[in-house]
Each structure stands twice: as C-alpha cells, then as structure tokens.
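Accompanying notes for the structure given below.
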Amino acid sequence: GAGVSQSPSNKVTEKGKDVELRCDPISGHTALYWYRQSLGQGLEFLIYFQGNSAPDKSGLPSDRFSAERTGGSVSTLTIQRTQQEDSAVYLCASSPPGTGLNTEAFFGQGTRLTVV
Amino acid sequence: QKEVEQNSGPLSVPEGAIASLNCTYSDRGSQSFFWYRQYSGKSPELIMFIYSNGDKEDGRFTAQLNKASQYVSLLIRDSQPSDSATYLCAVQGGKLIFGQGTELSVKP
C-alpha cells in the first residue's frame, strides 16, 4: 500500500486478555515507531526500530508491553494481561532511510484499543 | 523534566491574526525538529521541519530554532479557521519524541 497500515482499526478486549496490534510500514522505510495517545494527550513514545539495530525500548511502560519487527518490515505490538489504563489509540509511524536528519515520519491511522 | 514541553493551551486567536506556538527540549544532542498538526480524530501530519538555527519559512508558516536556548517555535500568519487543530512539536536525536501538543482555535 501507499501508506502506513495498521490493524485492527478498533479493538475491544476484556481486562486480562492479551492483544496484538499490527503495523505495516511504507515499503523501504527503515525506521518504525510506536506511540500511545490517550484522549486529549500528546504522543507517548513506546519503541523505535531502526534498520537492523537493537530497538530503543525505553518508552515501554511495563514488561506487559513488547514489540517485534520481522524482516525489517511488519511490526507487532503485544500487550499482555491488558488493564483499563491501556485503553488508548496506538499509532505507528515509519520514516525513510537517509542521514537521519529531516526524515519525515508518516503515521498510520491508529488502532483504538478499549479494555473493558 | 519532560523531554519536550509545549506551552499549555488552548490558544485562541481571531481569524487573520498571528498564532505563536512554542516548544522547549531537554536533550542538547537533538538534531532535527518537527512541527506536526493533528486534527481531532486524525493522525498527525508534518507541517515543517528545521535543523539549523534561525528561521525557516514555508507559506504562512515560519519555524524558528534556537539551539543555545533549546527552543523551537512555529508562527502561523493570517490564521484561518482551518488551522484549528492540535500542534505537536517533535524532537529527534535518534528516536522521535513529541510534546504534549497545543490546541489552537482560530475564531472567524
């Protein structure tokens, strides 16, 4: 596809269940980011993948959160034992290779997660 | 201290006025600075980026960067009601970190 694709667009899950959110970045983009946005709030950084380098996981809020990126392309964000405070929009973005400067991050449409 | 901080909103300006949005950052090693716009219920979209000290103009938008003061701003001239949105400052030095956003309302 032409843009960053995220699935599902909406997810309702019961407290305590595990969920997987998928991000398909723009072809050829080496950088991939996950953010969380709660209602009326800014973008909370979760994790950053850049090429084959070790991911920057410094934003993951707890060990219930994990993410992987297979083959340098598709990424999956997994939340185990979901809690109500995990309810938010999860946004994925990708950016092209280059010097690292001036590389626009393109966002997907997000996954709205609701934990009931 | 948050890594990227923006002036609290909401900011309300009349149509045709200049809107001024401000942002400070804590990491002196940051290299690139971005302004994104986010309409309600939508994903962020890039307005401008800047990486050198000084001003950068693009149409009605001017980004200003002062690395010594760790400060970046966005000016919107001749503000239009369609500019009403949340404006997000983002700073990159490896990972891309966003501020909490400033909501701008342009009144006709």
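Residue numbers (this note's numbering), protein chains in the order written: chain A, 1 to 116; chain B, 1001 to 1108. Glycine included, C-beta positions come from ideal geometry on N, C-alpha and C. Just so we're clear, the structure is a prediction, and the values are computed from it rather than from any experiment.
Beta-carbon proximity check, residue i vs residue j, cutoff 9 Å
i	j	result
residue 1088 of chain B	residue 1044 of chain B	yes
residue 26 of chain A	residue 2 of chain A	yes
residue 82 of chain A	residue 19 of chain A	yes
residue 89 of chain A	residue 36 of chain A	yes
residue 1018 of chain B	residue 1036 of chain B	no
residue 136 of chain A	residue 116 of chain A	Residue coverage of chain A in this structure runs from 1 to 116, which leaves residue 136 of chain A outside it and unanswerable.
residue 1072 of chain B	residue 1007 of chain B	no
Three-state class that DSSP yields for residue i in the structure shown
i	result
residue 1064 of chain B	strand
residue 18 of chain A	coil
residue 1055 of chain B	strand
residue 1100 of chain B	coil
residue 1082 of chain B	helix
residue 1005 of chain B	strand
residue 123 of chain A	The question about residue 123 of chain A has no answer here: the residues shown for chain A are numbered 1 through 116.
residue 84 of chain A	helix
residue 1105 of chain B	strand
residue 52 of chain A	coil
residue 47 of chain A	strand
residue 31 of chain A	strand
residue 64 of chain A	coil
residue 6 of chain A	strand
residue 119 of chain A	In the structure as shown, chain A starts at 1 and stops at 116, and residue 119 of chain A therefore has no counterpart that could be examined.
residue 1042 of chain B	coil
residue 57 of chain A	coil
Within-9 Å CB hit, residue i to chain B
i	result
residue 58 of chain A	yes
residue 35 of chain A	yes
residue 20 of chain A	no
residue 41 of chain A	yes
residue 87 of chain A	no
residue 104 of chain A	yes
residue 91 of chain A	yes
residue 110 of chain A	yes
Assumed close pair residue i, residue j - CB separation to whole angstroms, cut-off 8 Å
i	j	result
residue 1020 of chain B	residue 1075 of chain B	6 Å
residue 111 of chain A	residue 6 of chain A	5 Å
residue 1079 of chain B	residue 1003 of chain B	No, residue 1079 of chain B and residue 1003 of chain B are not in contact; Cβ-Cβ is about 28 Å, not under 8 Å.
residue 1085 of chain B	residue 1051 of chain B	Going by Cβ atoms, the distance from residue 1085 of chain B to residue 1051 of chain B rounds to 24 Å, so no, they are not a contact pair.
residue 32 of chain A	residue 92 of chain A	7 Å
Residue-level contact to chain A via CB, residue i, 9 Å cutoff
i	result
residue 1092 of chain B	yes
residue 1073 of chain B	no
residue 1059 of chain B	no
residue 1044 of chain B	yes
residue 1080 of chain B	no
residue 1095 of chain B	yes
Enclosing beta strand (DSSP E) for residue i [first to last residue]
i	result
residue 1072 of chain B	1071-1076
residue 112 of chain A	111-115
residue 1018 of chain B	Residue 1018 of chain B -> no beta strand (DSSP E), and no H or E assigned at all.
residue 1037 of chain B	1032-1038
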